[in-house]
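Q: Residue numbers (the working numbering), protein chains in the order written: chain A, 14 to 367; chain B, 4 to 515. One structure, pasted below without further comment.
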């Protein structure tokens, strides 16, 4: 009998030791899920740009704050204004919490506007926030064009407005400015790379453009120093967030003539506020979503992240926390009439009547 | 605030003080040397096509160092095949065979190679110095260029099709038109309209030019090697003589080097001439101007090696003048270089001169340094490189296929890219087989998007009145004159002997 119990004891000890090696996570059930794992961040862009740097500013802290300190690697899947990456994350990525997407704000607007090539359901992603959410769009015209005030702008016909391709945020904003300010038959020349519009403006190939307030203070200081342009209006994102240099400009909403027009501006603001969204594919277990949301929250609040973000991008971070992100997505106006009008507004045809 | 050109040149040099840039430069030099010496027809365009998907993911300067390092040294080391085997080298070194091989057979292979390296190095430096001078000289003109002027410049660049099409102008036009058609795939920037997308997310942004270039140049070369088992069948001439004799010859003929280098720079700058003629123009110039050339040229005169090699290497400087300052390519390699610059977010042409002069100077520095390293490599490793020239095709085929497929997958890690590379590869093979010039298609592909953009902007901003702008008129005249002269030159060359320009160009077309 004693030999039998000895045998059983030895056998159970052996099995216990073996299972420790074979199934360490099950044996040490308190070991964090992410320990020893690798998280892949899929970027909906090419490497090396500002969007990439924004993510890189966050990775070391994210690694620190995710329980288990996983390894984090980057993959790049540019295409279709982040459509390609969003489609991949929605349809093909595993829902094990080891794949995170970081996409452009376009993935939100494309889905809300029901554009072609969108194969994902926005509502089914889990949202982890964005490193920035604040943006100030300013409408400028070159001084030599002689539009010193909004009244002169309205009186002129056929003002040439430069922009990036149809579908770009700056194009949408330029169209929105022209529509709400009531410009007469503006001509949109949407065929410039970002850096090409400013020289085109200066040599008189275009008369005006919509651009970021921070871009002006960093890249076009001579506009301010030499008074080379006239500033007309601003769209503040989030609403009421005054820009230190352009806070005096009238908010575009002050030119709106109806509730419908205010909703249009609200829709554009809602798209902008989502920044560069971090997302998880549908079906990720709730506790892993919470681990990641918590880690992102701590990262966004860490001063070291803000310092690194400033160092890498030259901008101030304005993070959107995961819960605010989900709320922002939920609260995007879905009024079909406004969506339809917005689609016409940001299309390539002449502006719709007011 | 814009920096002065002197500051930009200093900054351009300072930017190179990074270990990874030097590693990339040396890697480029190694690749360029290997491909120049390996006998199976790997030219700079194929090297660029294979390297492009990889380097566009690097930091710009590191990628540029590899590309420029490869192309620069590839021109300097291009004399191995003509001198040792009597095989015309890649485009730009074909004329070298006329005197290089007789020298080799006479037991003066080292002398011919020494002259070739020295002339190539000096030509490269003269080309680079011309580029240095061209930047400040061109700057005031560049400031005058808006979209209408840039459209005409692109049109001028498209006249290259006349050269790339060779003796088959209709096929050239079809290939270029096909390139323009492929450039249209994806969302049109100006209207948002989806063209040839067929609801496929893969096609939303069009097909990557680097994938197409990789397929069009890589797969046909690899297939050709595998199917024809092409290799060097001839026995190499023994590597005898002294390199220093060649150096002395070149230094003695310094004035010939200078003249032929400027011929090279001129061929590089003028759109439509094409790199295939550079060595023959220089050779022709030397044959006409050198004392006693009538009797000695073609029988192993070292001046017949010095002239084409100095022009061939100086041409790269001229090529970069149009590529960097005007923004249009002079051939496939520079077209792919433009693709790389665009991928890194730089727009070659006036914008780059204004916004990124330090990068232009970094490129110039890299070009000069690569030329010096290439010359040294040629001198120090001449014996070892000669052995490299005897590599078997089986090794090359497997290496090519591995790099092509890995390169294609590395672009976006999308399995559909592999399908695209195989599809375009098969298309490229048949284009090559039925003599549809692939370089013309690549030119159409690269220029198509830019031309459409500039024309659209010009029409929207100025209506038809842009045609009356003085700079547009001047550029249109220059483009027309250049096109007519090119066409006339080509028609004339057809009636000349096979060893003349026409014959050389015919061979170059087949090679492309």
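Quick reminder that beta carbons are idealized off the backbone N, C-alpha and C, glycines included. Nothing here was measured: the structure is a model prediction, and the numbers come from that model.
1) Output needed for residue 344 of chain B: all residues of its chain with C-beta closer than 7 Å, excluding positions within five of it in sequence on either side, in chain order.
2) Only counting runs of 4 or more residues, tell me where the alpha helix (DSSP H) segments fall wholly within the stretch 379-415 of chain B, in order along the chain.
3) Between the Cα of residue 289 of chain B and those of B:303, B:310, B:269, B:175, spot the shortest distance and give me the residue it belongs to.
4) At a Cβ cut of 8 Å, what residues of the stretch 106-133 of chain A count as close to chain B, listed as they run along the chain?
5) Quick test of your reading: residue 228 of chain A and residue 118 of chain A, contact by CB under 8 Å. State the CB separation rounded to the nearest angstrom.
6) Using a C-beta cutoff of 8 Å, does residue 365 of chain B count as contacting chain A?
7) Assuming residue 320 of chain A and residue 333 of chain A are in contact, meaning their beta carbons sit under 8 Å apart, how far apart are those beta carbons, in whole angstroms?
8) Starting from the beta carbon of residue 354 of chain B, find every residue of chain A whose beta carbon is closer than 9 Å, and list them in chain order.
9) Count the other CB atoms, across all protein chains shown, that sit within 10 Å of the CB of residue 317 of chain A; report buried if there are 16 or more and exposed otherwise.
10) Excluding the five sequence neighbours on either side, which residues of its own chain have a C-beta within less than 6 Å of the C-beta of residue 304 of chain A, listed in chain order?
11) Of the residues that make up the stretch 88-99 of chain A, which ones have a beta carbon closer than 9 Å to any beta carbon in chain B?
12) How should residue 344 of chain A be labelled, buried or exposed, when 16 other C-beta atoms within 10 angstroms of its C-beta is the threshold for buried?
13) Can you tell me whether residue 141 of chain A is buried or exposed, with buried defined as 16 or more other CB within 10 angstroms of its CB?
14) Using 8 Å as the limit for Cβ to Cβ distance, is residue 15 of chain B near chain A?
15) Go ahead and label residue 47 of chain B buried or exposed: buried means 16 or more other beta carbons lie within 10 angstroms of its beta carbon, across all protein chains shown.
16) Straight-line CA distance for residue 329 of chain A to residue 152 of chain A?
17) Where do the N-terminal and C-terminal ends of the beta strand (DSSP E) with residue 205 of chain B fall, by residue?
18) Within a Cβ cutoff of 7 Å, which residues of the same chain sit near residue 109 of chain B, ignoring the five residues on either side of it in sequence?
19) Mind checking if residue 373 of chain B is an interface residue toward chain A, Cβ cutoff 8 Å exclusive?
20) Quick one: which chain B residues come within Cβ less than 7 Å of residue 202 of chain A?
21) What does a CB cutoff of less than 7 Å around residue 298 of chain A pick up in its chain, not counting 5 residues either side in sequence?
22) Report all residues from its chain with a CB closer than 8 Å to the CB of residue 155 of chain B; omit the five preceding and five following residues, and keep chain order.
23) Label residue 322 of chain B either buried or exposed according to how many other C-beta atoms from any shown protein chain fall within 10 Å of its C-beta, with 16 as the threshold for buried.
24) With a threshold of 8 Å, are at least 3 pairs of Cβ atoms found where one atom belongs to the stretch 98-113 of chain B and the other to the stretch 421-428 of chain B?
25) Which whole-angstrom value describes the C-beta separation of residue 221 of chain B and residue 49 of chain B, a residue pair presumed to lie in contact below a C-beta threshold of 8 Å?
26) Should residue 361 of chain A be flagged as near chain B, meaning a C-beta pair shorter than 8 Å?
27) I'd like to know whether the C-beta of residue 357 of chain B is nearer than 8 Å to at least one C-beta of chain A.
28) What does residue 249 of chain B reach in chain A if we use C-beta pairs closer than 8 Å?
29) Can you find at least 3 beta carbon pairs, one from the stretch 248-260 of chain A and one from the stretch 153-167 of chain A, that sit closer than 8 Å?
30) Is the beta carbon of residue 328 of chain B sitting closer than 8 Å to the one on residue 138 of chain B?
31) Find the nearest neighbour of residue 465 of chain B within the set B:150, B:125, B:443, judged by alpha-carbon distance.
32) Using the beta-carbon of each residue, which ones in chain A are nearer than 7 Å to residue 468 of chain B?
33) Would residue 178 of chain A count as contacting chain B if we go by Cβ distances under 8 Å?
34) Any C-beta of chain A sitting closer than 8 Å to the C-beta of residue 23 of chain B?
35) Can you tell me whether residue 168 of chain A is helix, strand or coil according to DSSP?
36) If you follow the alpha helix (DSSP H) that residue 287 of chain B is part of, which residue opens it and which one closes it?
A: Concretely, from the data shown:
1) By one-based count along the second chain, residue 344 of chain B stands at place 341. Once the five neighbours on either side are set aside, the close Cβ partners of residue 344 of chain B are 351.
2) 385-391, 396-415
3) Indexing the second chain from 1 puts residue 289 of chain B at position 286. Residue B:310 is the option with its Cα nearest to residue 289 of chain B.
4) 129, 130, 132
5) The sequence position of residue 228 of chain A within the first chain is 215, counting from 1. The sequence position of residue 118 of chain A within the first chain is 105, counting from 1. No, residue 228 of chain A and residue 118 of chain A are not in contact; Cβ-Cβ is about 16 Å, not under 8 Å.
6) Within the second chain, residue 365 of chain B is the residue found at index 362, counting from 1. Answer no: the Cβ-Cβ gap between residue 365 of chain B and chain A never drops below 8 Å.
7) Residue 320 of chain A sits at position 307 when you count from the first residue of the first chain. Residue 333 of chain A sits at position 320 when you count from the first residue of the first chain. Not quite, the Cβ-Cβ distance comes to about 19 Å (not below 8 Å), so this is no contact.
8) Taking the first residue of the second chain as position 1, residue 354 of chain B is located at position 351. Those within 9 Å of residue 354 of chain B in chain A are 206, 208, 209, 212.
9) Stepping through the first chain from its first residue, residue 317 of chain A is reached at position 304. Exposed.
10) Counted from its first residue, the first chain places residue 304 of chain A at position 291. For residue 304 of chain A, where only same-chain residues beyond five positions count, the Cβ hits under 6 Å are 80.
11) 88, 89, 90, 91, 92, 93, 94, 96, 97
12) The residue you call residue 344 of chain A lines up with position 331 of the first chain. Flag for residue 344 of chain A reads exposed.
13) Taking the first chain and counting its residues from 1, the one referred to as residue 141 of chain A is at position 128. With 16 or more Cβ atoms within 10 Å of its Cβ, residue 141 of chain A is classed as buried.
14) Taking the first residue of the second chain as 1, we reach residue 15 of chain B at position 12. It does not: the Cβ of residue 15 of chain B has no partner Cβ on chain A nearer than 8 Å.
15) Residue 47 of chain B sits at position 44 when you count from the first residue of the second chain. It is buried - the Cβ of residue 47 of chain B has at least 16 other Cβ atoms within 10 Å.
16) Working through the first chain from its first residue, we reach residue 329 of chain A at position 316. Working through the first chain from its first residue, we reach residue 152 of chain A at position 139. Residue 329 of chain A and residue 152 of chain A: Cα-Cα distance of roughly 22 Å.
17) As a first step, residue 205 of chain B must be located in the second chain, where it is residue number 202. Taken as a continuous stretch (DSSP letters only), residue 205 of chain B belongs to no beta strand (DSSP E), as it is neither H nor E.
18) Within the second chain, the letter at position 106 stands for residue 109 of chain B. So the qualifying residues of the chain are 303.
19) To locate residue 373 of chain B, count along the second chain from 1; it is residue 370. No - not a single Cβ of chain A is within 8 Å of the one on residue 373 of chain B.
20) By one-based count along the first chain, residue 202 of chain A stands at place 189. Here the neighbours are 460, 463, 464.
21) One-based indexing of the first chain puts residue 298 of chain A at position 285. Excluding residues within five positions, the ones whose Cβ falls inside 7 Å are 110.
22) Residue numbering aside, residue 155 of chain B sits at position 152 when the second chain is read from its first letter. Cβ within range, chain order: 475, 478, 479, 482.
23) Taking the first residue of the second chain as 1, we reach residue 322 of chain B at position 319. Classification for residue 322 of chain B: buried.
24) no
25) If you number the second chain from 1, residue 221 of chain B lands on position 218. If you number the second chain from 1, residue 49 of chain B lands on position 46. Yes, they are in contact, since the Cβ atoms of residue 221 of chain B and residue 49 of chain B sit about 6 Å apart, within 8 Å.
26) Numbered from its first residue, the first chain carries residue 361 of chain A at position 348. Chain B contact via Cβ: present.
27) Walking along the second chain from the start, residue 357 of chain B turns up at place 354. Closer than 8 Å: yes.
28) For the purposes of this step, residue 249 of chain B is identified with residue 246 of the second chain, where counting begins at 1. Simply none; closest approach about 44 Å.
29) no
30) Start at 1 with the first residue of the second chain, and residue 328 of chain B comes out as number 325. Start at 1 with the first residue of the second chain, and residue 138 of chain B comes out as number 135. Result yes, Cβ atoms of residue 328 of chain B and residue 138 of chain B sit closer than 8 Å.
31) Within the second chain, numbered from 1, the residue matching residue 465 of chain B stands at position 462. Comparing Cα-Cα distances from residue 465 of chain B to each of B:150, B:125, B:443, the minimum goes to B:150.
32) The sequence position of residue 468 of chain B within the second chain is 465, counting from 1. Chain A residues near residue 468 of chain B: none, gap ~13 Å exceeds 7 Å.
33) On the first chain, residue 178 of chain A is found 165 positions in, with the first residue counted as 1. Chain B contact via Cβ: present.
34) Taking the first residue of the second chain as position 1, residue 23 of chain B is located at position 20. Chain A contact via Cβ: absent.
35) The residue labelled residue 168 of chain A in the question sits at position 155 within the first chain. Looking at residue 168 of chain A - three-state DSSP - the assignment turns out to be helix.
36) Taking the second chain and counting its residues from 1, the one referred to as residue 287 of chain B is at position 284. 281-292 is the span of the alpha helix (DSSP H), which, as asked, contains residue 287 of chain B.
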